[in-house]
Amino acid sequence: MMKYVNANMRSAQGFKDSVYEGAAQKIKEKFGIEVTGEKCKNQIRHQRSVWIHIQELKRKSGVSWDETKKMIVMGQEEYASHIQAFFKDAAYLNITIANYVELEIVCGHGHAIGEWAKSRNSQTPLGTQQMHVGDDEPSQFTDVGADGSMPIE
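Heads up: the sequence shown begins at 1370 in this note's numbering, then just goes up one per residue.
The structure is reproduced here in structure tokens:
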């Protein structure tokens, strides 16, 4: 899905069905697993709900965000109290959140730069590992062609 975001194949409304079908085809080619575009769509929907929950946790009082470790940090007392009431949140507190950057780009409203981005004239990724997400910037994503077509590498 990172490649589809990078190729500007996501609109403000999300990915088109043809993108999910393309992702299903890539999964089949790479891993030999039969999945449908609908299953890919449902997985992204689930990941988006995880992303939203992480963002809600980051906004809670008494927590901080470690940008380097991609970790929501909560004090020991607050953590114990919070986990008692919300035990499933243990997967997101005081540990590095796996694939956070990818979640931010695919499920959030960021756009890829760095290792996930390509220059406008190149098909090869750039060499840095930075990402820029600005809340005050308009979305830079565009829709796929009117006929729903999309290139699949």
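Glycine included, each C-beta is placed from N, C-alpha and C at the ideal position.
>> So, for Thr1405: in the same chain, excluding its five sequence neighbours on each side, which residues have a beta-carbon less than 7 Å away from its beta-carbon?
In response: The count along the sequence shown starts at 1 and reaches residue 1405 at position 36. Ala1393.
>> Going by C-alpha to C-alpha distance, which of Tyr1469, Ile1421 and Gly1383 sits closest to Lys1438?
In response: Translated into the one-based positions of the sequence shown, residue 1438 becomes position 69. The option with the nearest alpha carbon to Lys1438 is Tyr1469.
>> Using CA atoms only, rank isn't needed, just tell me which of Tyr1373, Trp1420, Ala1381 and Val1432 is closest to Gly1391.
In response: Locating residue 1391 in the sequence shown gives position 22, where the first residue counts as 1. Considering only alpha carbons, the answer is Tyr1373.
>> Please report the straight-line C-alpha distance between Ser1418 and Lys1457, rounded to a whole angstrom.
In response: By one-based count along the sequence shown, residue 1418 stands at place 49. By one-based count along the sequence shown, residue 1457 stands at place 88. Spanning the two alpha carbons is a distance of roughly 14 Å.
> Can you tell me the Cα-Cα spacing of Ile1474 and Gln1445, whole angstroms?
Replying inline: Translated into positions along the sequence shown, residue 1474 becomes position 105. Translated into positions along the sequence shown, residue 1445 becomes position 76. Taking the straight line joining both Cα atoms gives about 30 Å.
> Within 10 angstroms of its Cβ, does Phe1384 collect 16 or more other Cβ (buried), or is it exposed?
Replying inline: What you label residue 1384 is simply residue 15 of the sequence shown in a count that begins at 1. Result: buried.
> Which residues in the same chain as Cys1409 place their Cβ atom closer than 7 Å to its Cβ, once the five residues preceding and following it in sequence are excluded?
Replying inline: Position 40 of the sequence shown, counted from the first residue, corresponds to residue 1409. Tyr1389, Ala1392 and Ala1393, listed in sequence order.
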